[in-house]
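Engineer:
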Amino acid sequence: MITMNTNTISTASPIVQARGLTVAHGALVVLRDIEFVIAPGEIFVVLGASGSGKSSLLRDLIGLHPPAAGQVLIEGHDLYVGSEAQLAALRRRFGVMFQAGALWSALSVGDNLMLPMRLFTTLTAAQREQRARAKLALVGLDDAFALMPAQLSGGMRKRAALARALALEPGLLFLDEPGSGLDPVNAARLDALILQLRRQLGTTVVMVTHEIDSVFAVADRVLFLDDLDKTMTALGSPQALASTGPPRVREFLHRGRSQVDAQVDAQAHAQAHAPGQPQGPASGHPLVQAAA
Ligand SMILES: Nc1ncnc2c1ncn2[C@@H]1O[C@H](COP(=O)(O)OP(=O)(O)OP(=O)(O)O)[C@@H](O)[C@H]1O
Ligand SMILES: [Mg+2]
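Just so you know, we're using my numbering here: the sequence shown kicks off at 16 and counts up by one.
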């Protein structure tokens, strides 16, 4: 049974579309019947237990691993149908940050950011450096430009990988667990950065995360992948799924939350839904309003 809360966001021109996807590794089917559309400017979170197939789905969505069945459309174009040149151009429209946050270890942090710019833009060397430094500053790594990846801590490496995903200023970002391994201050900064990118640049973000507080802070909608059912079992706003989603989804959302935040949220929810109150906090979001 699939719960489809607020799954009626305008689908006029979705930026990402998954149509009847089966995600498999050889004979191992990880997920089937995956179906969703992501609207431009949406922050779309993929949630599920370890091994439920989040990273596998993401690899299908970014053109690295063809689905066993179904289609992935980016701005209406099939990500797996076309010439190599066409597909490469399509893939260049989005930035990716992998779960391992891999940087090119032989290149300095600055060069890690500037290499894609050199390959895919007409920026001058001075402009490339200026942009690389600006992206590093955005993730709080102002002083890391000349460092080698091996000189960074795990969390710093993650942030550098995020800065590299931003190097080409893509309108669409795929992030696999960008917040794991970050301290609370940097995790909150990351949430703020994601919201800032959407607000200022209209960036669409597709993000896998285990950080439930972050889900409530940034997600417009959550796609829940169930490792037992091997398919999606819920799609909706985190607030709606936390209160009316399937039991396993509710448990997942509640268990992962800090007690204080859960209480604050519950109080806000109760106040917002008291008689005479027109809307809950989540309803104020433009995407959710568009869905109403
Ligand atoms: N390259 C691969 N070849 C074969 N099987 C794979 C491969 N990558 C992942 N799998 C299998 O696919 C399933 C889903 O793995 P995946 O990495 O997508 O899970 P996940 O939800 O991202 O987990 P985590 O939260 O731990 O990152 C697992 O059973 C895993 O063993
Ligand atoms: Mg993963």
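Even for Gly, the Cβ is constructed at its ideal location relative to N, Cα and C.
Hey, out of L177, D206, L79, whose CA is closest to L105's CA?
Structural biologist: Its Cα nearest to that of L105, the residue L79 stands out among L177, D206, L79.
Engineer: Cα separation between F109 and V154?
Structural biologist: 18 Å
Engineer: With distance defined between alpha-carbon atoms, name the residue in N201, A121, P131 nearest to L156.
Structural biologist: N201
Engineer: Classify R34 as helix, strand or coil using the three-state DSSP reduction.
Structural biologist: strand
Engineer: Would you please state the rounded distance, in angstroms, between the beta carbons of M222 and P193? I believe it to be under 8 Å.
Structural biologist: 7 Å
Engineer: Any heavy atom of ligand 1 closer than 8 Å to the CB of S70?
Structural biologist: Annotation for S70 indicates a beta carbon within 8 Å of some heavy atom of ligand 1.
Engineer: When DSSP labels each residue in this structure, what does Q86 get in the three-state scheme?
Structural biologist: In this structure, Q86 counts as strand in the three-state DSSP scheme.
Engineer: Can you give me the C-alpha to C-alpha distance between T218 and P55, rounded to a whole angstrom?
Structural biologist: 7 Å
Engineer: If you scan the stretch 158-219 from start to end, which runs of the alpha helix (DSSP H) of 4 or more residues do you find wholly inside it?
Structural biologist: 169-180, 199-216
Engineer: Check whether the stretch 128-142 and the stretch 209-216 touch, using three or more Cβ-Cβ pairs below 8 Å as the test.
Structural biologist: no
Engineer: Taking 8 Å as the cut-off, is the C-beta of A64 nearer than that to any heavy atom in ligand 1?
Structural biologist: Here the distance from the Cβ of A64 to the nearest heavy atom of ligand 1 is below 8 Å.
Engineer: Taking C-beta to C-beta, are Q254 and F239 nearer than 9 Å?
Structural biologist: no
Engineer: What residue ranges within the stretch 38-67 form continuous beta strand (DSSP E) runs of no fewer than 3 residues, ordered along the chain?
Structural biologist: 43-53, 58-63
Engineer: Out of V38, D241, L151, R107, which one is the CA nearest neighbour of G125?
Structural biologist: L151
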